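Worksheet: the structure to be examined is printed underneath.
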Amino acid sequence: MASVTPDLYPRVLRLEDISFSTNYSQVLENLSLDICSREIHAVLGENGSGKSTLGKIISGALKPSSGRIIREDSSVACMVHQDRVANENFLVWEYLFFDNDRAYSGFFMSRRKIHRMAEAVLEEYGLKIDLDKRLKELKSSEYTAVELIRQIEKKPDILVLDEIFMKLGSEYSKIFTALFHRLKRRGMAVLFITHDIEKLYDFADKVSILRNGEILFTGPVDSIDKLNIIRLAYTETVEKVKLSELQSEFYHFLKFNEAILNTLPINLAVIDPEFKIIMANRSFERHFEISREAYLYRNISFIFSEQKNDVYKLIMASLDSTETQSFFDVPITIGSHYSINTLKVVPIYDGVNNVGHILIIEDVTDYYSLQKKIMLSENLSSIGLLAAGVGHEINNSLEIVLNYLHFIRNSIDDEKLLGPLGDLKEELDFITQIVSRLVTFSETNVANSEEFDANTMIENYIRLIHKNDIYGNIKFSVDIQADPLIINMNKNEFRQVLVNLIKNACEATGDGGNVIITLSLQDREGAAVSVIEIEDDGPGIPVDKMDSVFTPFFSTKSADSKNIGLGLSLCYSIITKSGGTIKAVNTEGGCRFTIELPQADVE
4 MASVTPDLYP
14 RVLRLEDISF
24 STNYSQVLEN
34 LSLDICSREI
44 HAVLGENGSG
54 KSTLGKIISG
64 ALKPSSGRII
74 REDSSVACMV
84 HQDRVANENF
94 LVWEYLFFDN
104 DRAYSGFFMS
114 RRKIHRMAEA
124 VLEEYGLKID
134 LDKRLKELKS
144 SEYTAVELIR
154 QIEKKPDILV
164 LDEIFMKLGS
174 EYSKIFTALF
184 HRLKRRGMAV
194 LFITHDIEKL
204 YDFADKVSIL
214 RNGEILFTGP
224 VDSIDKLNII
234 RLAYTETVEK
244 VKLSELQSEF
254 YHFLKFNEAI
264 LNTLPINLAV
274 IDPEFKIIMA
284 NRSFERHFEI
294 SREAYLYRNI
304 SFIFSEQKND
314 VYKLIMASLD
324 STETQSFFDV
334 PITIGSHYSI
344 NTLKVVPIYD
354 GVNNVGHILI
364 IEDVTDYYSL
374 QKKIMLSENL
384 SSIGLLAAGV
394 GHEINNSLEI
404 VLNYLHFIRN
414 SIDDEKLLGP
424 LGDLKEELDF
434 ITQIVSRLVT
444 FSETNVANSE
454 EFDANTMIEN
464 YIRLIHKNDI
474 YGNIKFSVDI
484 QADPLIINMN
494 KNEFRQVLVN
504 LIKNACEATG
514 DGGNVIITLS
524 LQDREGAAVS
534 VIEIEDDGPG
544 IPVDKMDSVF
554 TPFFSTKSAD
564 SKNIGLGLSL
574 CYSIITKSGG
584 TIKAVNTEGG
594 CRFTIELPQA
604 DVE
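In the numbering used here, the protein residues as written are 4 to 606.
Okay, structure coming up:
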């Protein structure tokens with residue numbers, strides 16, 4: 004579309020204060036309009052707005068009730084009507100030139116000459132229509148094409164087209180669209196009467212909006228947006244407006260929408276048909292840690308680099324679809340930040356044409372974690388009920404077995420039997436420990452709590468570990484908080500958590516490994532929180548097992564290690580019922596468990 008200003012080319016016709024009325028209604032009222040050469044001027048309006056009447060007045064088919072028509076250099080206008088107006092018994096070759104002066108020699112018409120002219124003109128325009136058919140035998144698109152050629156061959160200064168594209172069909176539309184632009188370049192003015200906004204932007208240079216017989220706006224097509232065209236042409240309460248007013252309204256409308264997009268709590272970007280980012284909101288910029296200058300008009304591969312190749316493939320595979328594509332639990336890593344996301348790719352259509360896509364990325368990591376915690380809590384609750392019942396029954400039986408064993412050991416002196424009986428007692432004690440852990444795991448009530456300093460407890464426990472030969476070659480690094488970390492919970496339960504986590508870290512890192520314990524006081528939304536981190540440089544937890552790390556009977560140790568996998572479940576149960584949180588993450592060189600507990604109020 005080549006837009007022009009109203010006075011860039013010479014005027015070929017001027018309408019001044021044109022009115023037209025019938026016995027029943029006022030069709031046009033005080034209408035003024037200039038038609039210029041070398042431009043396609045669209046007249047847009049709803050049915051009954053007076054468009055066709057205006058076209059007929061310009062072509063001379065109707066005489067206005069009042070007003071002046073000024074034709075520069077006696078300009079001639081020809082009109083192609085939207086309805087059939089010819090005698091349909093004409094043959095095609097006869098109809099093309101029957102009223103064209105070029106077909107006559109004086110007062111005589113040569114049928115052979117007209118037939119040759121008709122053959123030549125159809126060949127020139129690339130049309131394949133049977134010249135010997137009668138007009139009534141033609142399809143609607145063929146009839147419209149013949150009517151267009153007939154009027155074009157009269158070489159008018161102004162060609163008036165009344166809703167012709169809907170009659171031409173796709174095949175002839177392409178041919179005549181190119182032809183009209185060639186005619187425009189040669190100096191012809193084309194008046195294009197339409198109600199099709201999409202065709203207006205594809206085809207015209209200038210537009211006049213007609214409503215109820217009045218022109219409300221005239222200006223270059225690219226100076227008015229579609230929303231304002233619809234408002235002017237199809238809404239009830241409108242007045243004549245200036246271009247500057249429309250541009251101001253559109254600017255404020257854009258700023259309003261931009262403000263809405265920027266405040267949306269989701270990451271949103273708009274991609275054009277060439278896969279370039281033409282807009283993104285602030286959430287998108289923050290999520291991907293990128294500025295507007297860095298991404299604007301760059302291919303989305305710039306954002307979704309090789310490290311995020313799977314995400315890039317998902318997006319690219321969705322761009323061919325005509326429907327919204329949704330993907331769930333999509334992992335994205337930006338720097339050191341890992342997130343779980345919901346990804347949506349929404350196609351944007353301007354009428355029937357795809358003009359781009361909206362990319363919506365919603366970070367659901369918190370929701371995902373909460374969902375996992377709820378599932379874990381439900382599993383722990385169910386297993387806890389089962390454990391309580393099983394533990395009670397096993398304890399009853401164990402008590403009987405241990406009593407009999409004690410009686411037997413006290414009743415015999417045979418050394419050969421005392422040895423195996425001692426082994427049996429050791430195994431029964433191990434079973435008793437398991438049952439004790441099961442019962443502890445099933446307890447949901449908070450045990451008697453007391454205030455104590457986590458710094459002191461951890462320092463004391465590390466001193467005990469140093470005296471244990473099993474952990475003698477493991478290097479411990481302890482970063483104690485300068486201020487006391489006063490925690491209010493059951494002291495023995497905290498010691499149990501501490502023993503489990505440090506023992507696991509030592510077993511994971513192995514002989515000569517490193518265990519780092521860090522204590523700190525941090526702020527969480529205005530509340531003081533005691534943070535204990537226990538990190539090892541072992542192999543870490545398998546990625547596919549990370550979601551199961553706190554579930555009962557989970558263990559990465561071998562089956563013969565006498566470890567039933569209740570330690571971490573027990574830790575989770577104790578910490579959560581004490582109002583804290585515990586989580587595990589793999590680090591570059593091992594694994595880290597982080598406990599957060601509310602700091603007790605200290606006066």
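Ideal Cβ positions, reconstructed from N, Cα and C, are used throughout, including at glycine. Model, not experiment: these values are computed from the prediction.
Legend entry - 8 Å CB neighbourhood of LEU421 in its chain, flanking five on each side removed: The answer, listed in chain order, is ARG412 and ILE415.
Inset, instruction - Could you tell me how far apart the beta carbons of ALA45 and VAL163 are, in whole angstroms, since I believe they sit closer than 8 Å? - result: At roughly 12 Å, the Cβ-Cβ gap does not stay under 8 Å, so ALA45 and VAL163 are not in contact.
Legend entry - Bridge partners - ASP482, DSSP secondary structure assignment: THR521
Inset, instruction - Report yes if the CB atom of LEU488 is closer than 8 Å to the CB atom of ASP456, and no otherwise. - result: Their beta carbons are under 8 Å apart, which means LEU488 touches ASP456 by this criterion.
Legend entry - Member of ILE72, GLU127, ARG153 and ARG74 whose CA lies at the smallest distance from the CA of ASP102: ARG153
Inset, instruction - From the DSSP output, in three-state form, read off ALA207 for me. - result: coil
Legend entry - Boundaries (first-last residue) of the alpha helix (DSSP H) holding LEU164: Taken as a continuous stretch (DSSP letters only), LEU164 belongs to no alpha helix (DSSP H), being part of the beta strand (DSSP E) at 161–165.
Legend entry - Three-state secondary structure assigned by DSSP to VAL15: strand
Legend entry - Proximal residues to ASN357 (C-beta, below 6 Å), its chain only, five neighbours per side dropped: Taking C-beta separations shorter than 6 Å and ignoring five residues to either side along the sequence, the partners of ASN357 in its chain run PRO350, following chain order.
Legend entry - Buried versus exposed, by CB contacts within 10 Å (16 or more), ALA562: Here ALA562 scores only 46 on pLDDT, less than 50, and its place in the model is too uncertain to base an answer on.
Inset, instruction - Return the chain-ordered list of same chain residues with a C-beta closer than 6 Å to the C-beta of GLY58, the five sequence neighbours on each side being excluded. - result: MET82, VAL163, ASP165 and ILE196
Legend entry - Stretch pair the segment 531–542 + the segment 512–521: three plus CB contacts closer than 8 Å: Because the criterion of three Cβ pairs below 8 Å is met, the segment 531–542 and the segment 512–521 touch.
Inset, instruction - Would you mind working out which of GLU75, VAL30, GLU296 and ASN26 sits nearest LEU18, comparing C-alpha positions? - result: If you compare the alpha carbons of GLU75, VAL30, GLU296 and ASN26 with that of LEU18, the shortest gap goes to GLU75.
Legend entry - Assumed close pair LEU194, ILE61 - CB separation to whole angstroms, cut-off 8 Å: 6 Å
Legend entry - Whole-angstrom distance between MET319 and LYS177, CA atom to CA atom: 31 Å
Legend entry - Per-residue DSSP class, three states only, for VAL124: In the structure shown, VAL124 sits in a helix (DSSP, three-state: H, G or I).
Inset, instruction - Please report how far the alpha carbon of TYR352 lies from the alpha carbon of PRO276, in whole angstroms. - result: 11 Å
Legend entry - Anticipated Cβ contact below 8 Å, THR435 with ILE477, distance rounded: Not confirmed; about 29 Å, so no contact.
Legend entry - Sub-8 Å separation of GLU192 and SER40 beta-carbons: According to the sequence as given, residue 192 is Ala; it is not Glu. A contact, by the Cβ cut-off of 8 Å.
Inset, instruction - Helix, strand or coil for PRO542, going by three-state DSSP, please let me know. - result: coil
Inset, instruction - Let me know the secondary structure DSSP gives LEU267 once reduced to three states. - result: coil
Inset, instruction - Could you spell out the range, first to last residue, of the beta strand (DSSP E) harbouring MET282? - result: 280–283 is the span of the beta strand (DSSP E), which, as asked, contains MET282.
Legend entry - Residue from HIS184, ALA236 and ILE335 with nearest C-alpha to GLU42: HIS184
Inset, instruction - Please state if the CB of SER342 and the CB of THR368 are separated by a distance shorter than 8 Å. - result: Against a cut-off of 8 Å, the Cβ pair of SER342 and THR368 comes out as a contact.
Inset, instruction - Give every residue of the same chain whose Cβ lies closer than 6 Å to the Cβ of ILE397, excluding the five residues on either side of it in the sequence, and list them in chain order. - result: VAL438
Legend entry - Distance, GLU32 Cα to LEU47 Cα: 16 Å
Inset, instruction - For the alpha helix (DSSP H) containing ILE578, list its first residue and its last residue. - result: 570–580
Legend entry - ALA508 to HIS290 span [Cα, whole Å]: Cα to Cα, the separation comes out at about 34 Å.
Inset, instruction - Taking ASN503 as the reference, give the member of ASP323, TYR464 and LYS229 with the closest Cα. - result: TYR464
Inset, instruction - Have a look at the DSSP bridge pairing and note the partners of ILE468. - result: Partner(s): none; ILE468 has no beta bridge.
Inset, instruction - Specify whether the segment 125–145 and the segment 86–94 touch according to this definition: at least 3 beta carbon pairs, one from each stretch, less than 8 Å apart. - result: yes
Inset, instruction - Can you give me the Cβ contacts of ALA587 inside the same chain, cut-off strictly under 6 Å, excluding the 5 residues immediately before and after it? - result: VAL552 and PHE596
Legend entry - Burial state of SER564, where buried means 16 or more other Cβ atoms lie within 10 Å: Model confidence at SER564 stands at a pLDDT of 47, short of 50, so the residue's coordinates are unreliable and nothing is read from them.
Inset, instruction - Starting from the C-beta of ALA262, find all residues in its chain whose C-beta is less than 7 Å away, skip the five residues before and the five after it, and write them out in chain order. - result: none
Inset, instruction - Measure how close the beta-carbons of VAL30 and SER78 come, nearest whole angstrom, since I'm counting them as under 8 Å. - result: In fact, because the Cβ distance is near 23 Å, the residues do not count as touching under 8 Å.
Legend entry - Beta-carbon proximity list for LEU125, same chain, < 8 Å, skipping 5 on both sides: LYS131, ILE132, LEU134 and ILE152
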